[in-house]
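Protein chains in written order, with this note's numbering: chain A, 363 to 734; chain B, 89 to 254.
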């Protein structure tokens, strides 16, 4: 064998080894960063809600500020907090809202318990195009989250059904039809007045799996998922979720600590401190055949959050497949031709985590690119 | 120590106590500053008949034109952000009063008639005697520690009122 041939074979081996090691590295890393947006805009308050629109742009709602549209090249404040037109009074829930044809699809922000504002995208920002009033519940309704599916709004949060002095009857999901009229209530509970603070402070999460036409409901303090059929508004089943290794549960009496004057000064700060001390569920969304949950990570010197992938395909009923520690705040999932992408706010939640103030979006894929 | 000295001492103590009491009373009555505003529970409306309200069609009118001159009239004043159970109860009472033949109206404190229209249509489709009073008009004419408040009016004067609780 000539010397030149030997050199060529050596080169081939080296190149092959490099290629294989690269492939191996990517295969081993389950969460692959595919895109990164960086902006100079600042956010100093906590992110209270997020949504990924049809174009893959991110809508972030910031406490006491309002809604911002974050695109790869710019950040636009399109609905500040206020009572005027094109402003929102508060933020309860957000989802896409159909218009005349897919091109006219917009977003709907539930800003008050009884009012939806509809926005359409125009010239790279969102403009308010309509207002829809909803029928209120006679008793208080603490909306924490909501999804729009099958021309119905499913609003998660305690909805009182009486004002009994000792026992409170309530439903955890209230359903409204497209005209804003009540269509039913799901998941009824009775609690003692001692646990009244749950109504104010406990977070409830609801996410839609549009491909399977299922809704997943969770309480922040419980690793349990309730599967609901949006068509007949019935509970299909309840599944106990496998806990990750470093899960720190909230004590059962967590919300009973606030016994006097739940709205008094300092209580919100205490609640924040307590809530960051337990592995509460922070965000949930569906990614292909996975349910993705983000939990607060309470390990010392660890990352801010844990990202949990529960798979529900091929007979697996929410089997925990992977736990990925991350500092970034999970915002939601949006799909493109290659598959779904996971969107994150870089560094954590500006209101809770130190040193996070610049708007940055990290976009990841889970598993081999394109796999669903 | 004889009996007289003891009596004198007791009298002195009594005198000091009485003087201290009188001083405290004078201080509370005249020296200490009074609290600002009306005491809690006070409800007052100025120029009742001249309050300009807007009906659901957007027409402006004086409240005097809405109220009957001779018979009694019931008025519920509320804000859309008030406790909704209280508003619900108040409007329910107004419907019952209407059914019993008593004239009444609900004044909603707001600045956009579209908001009042949407809110009332979604929540009270069967009761339509709603009028809007703008926020400036509310502060000018209506003095109340809390809303909603339901008032009974006769011959242009408030004769009784009730703050509605859930």
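Cβ coordinates follow ideal geometry from the N, Cα and C atoms, glycine included.
- prompt: For the alpha helix (DSSP H) that contains residue 234 of chain B, what are its first and last residues?
  reply: No alpha helix (DSSP H) contains residue 234 of chain B, which DSSP labels as neither H nor E.
query: Cβ of residue 173 of chain B less than 7 Å from any chain A Cβ?
result: yes
task: Tell me whether residue 420 of chain A is buried or exposed, calling it buried when 16 or more other Cβ atoms sit within 10 Å of its Cβ.
output: buried
Chain D contact for residue 210 of chain B (CB, 7 Å cutoff): No chain D is present in this structure, whose protein chains are A and B.
message: Rounded to the nearest angstrom, what separates residue 205 of chain B and residue 399 of chain A at their Cα positions?
response: 43 Å
Among B:115, B:90, B:185, B:197, nearest to residue 141 of chain B - alpha-carbon criterion: B:197
query: Which residues share a DSSP beta bridge with residue 370 of chain A?
result: Residue 370 of chain A is not bridged to any residue.
message: Here's a check: name, in chain order, each residue in its chain whose Cβ is nearer than 6 Å to the Cβ of residue 531 of chain A, leaving out the five neighbours to either side.
response: 523, 524, 552
Short CB-CB distance (under 7 Å) between residue 254 of chain B and chain A: yes
Per-residue contacts from residue 277 of chain B into chain A (C-beta, under 7 Å): Since the displayed chain B opens at 89 and closes at 254, residue 277 of chain B lies outside it and no answer follows.
message: Counting only Cβ pairs nearer than 8 Å, list the residues of chain A close to residue 131 of chain B.
response: The premise fails here: residue 131 of chain B is roughly 24 Å from chain A at the closest Cβ pair, so nothing lies under 8 Å.
- prompt: Going straight from the alpha carbon of residue 412 of chain A to that of residue 444 of chain A, what length do you get?
  reply: 19 Å
- prompt: Using 7 Å as the limit for Cβ to Cβ distance, is residue 251 of chain B near chain A?
  reply: Using a Cβ-Cβ cut-off of 7 Å, residue 251 of chain B does not count as an interface residue toward chain A, since no Cβ of chain A sits closer than that to its own.
Contacting residues, own chain, Cβ-Cβ under 6 Å from residue 167 of chain B (five flanking each side not counted): Leaving aside the five residues that flank residue 167 of chain B on each side, the residues in its chain whose CB is nearer than 6 Å to its CB run, in chain order, 197, 235.
query: What separation, rounded to the nearest whole angstrom, lies between the Cα atoms of residue 544 of chain A and residue 201 of chain B?
result: Going by the C-alpha atoms only, they are around 24 Å apart.
- prompt: What are the uninterrupted segments assigned as alpha helix (DSSP H) that are 4 or more residues long and contained completely in the segment 558–612 of chain A, given in chain order?
  reply: 559–563
- prompt: To the nearest angstrom, how far is it from the Cα of residue 199 of chain B to the Cα of residue 208 of chain B?
  reply: 14 Å
- prompt: Is residue 525 of chain A helix, strand or coil by DSSP?
  reply: coil
- request: Select from A:717, A:722, A:699 the residue whose C-alpha is nearest the C-alpha of residue 705 of chain A.
  value: A:722
task: Please classify residue 226 of chain B: does DSSP put it in a helix, a strand, or coil?
output: Residue 226 of chain B carries a helical assignment under DSSP once its states are collapsed to helix, strand and coil.
query: Shorter than 7 Å from the beta carbon of residue 176 of chain B to some beta carbon of chain A?
result: yes
- prompt: If we ignore side chains and look at the alpha-carbon of each, how far apart do residue 405 of chain A and residue 713 of chain A end up?
  reply: 8 Å
Span of the alpha helix (DSSP H) around residue 154 of chain B: 151–154
field: Counterpart residues of residue 684 of chain A in DSSP-defined beta bridges
entry: A:671
message: Any beta carbon of chain B sitting closer than 7 Å to that of residue 501 of chain A?
response: yes
Separation of residue 646 of chain A from residue 668 of chain A, as counted between CA atoms: Rounded to whole angstroms, residue 668 of chain A to residue 646 of chain A spans 12 Å at the Cα level.
field: Reduced DSSP category for residue 407 of chain A - H, G, I as helix; E, B as strand; rest coil
entry: coil
Enclosing beta strand (DSSP E) for residue 696 of chain A [first to last residue]: 691–698
query: Do you know how far the Cα of residue 434 of chain A is from the Cα of residue 484 of chain A?
result: 16 Å
- prompt: Applying the criterion that 16 or more other CB atoms from any shown protein chain within 10 Å of the CB defines a buried residue, is residue 572 of chain A buried or exposed?
  reply: exposed
field: Residues that residue 546 of chain A bridges to, as DSSP identifies them
entry: For residue 546 of chain A, the pairing in a beta bridge is given by DSSP as A:537.
message: Looking at chain B, is there any beta carbon in it that lies within less than 7 Å of the beta carbon of residue 717 of chain A?
response: no
- request: Report the rounded CA-to-CA distance for residue 95 of chain B versus residue 113 of chain B, giving the unit in angstroms.
  value: Between the C-alpha atoms of residue 95 of chain B and residue 113 of chain B there is a straight-line separation of about 27 Å.
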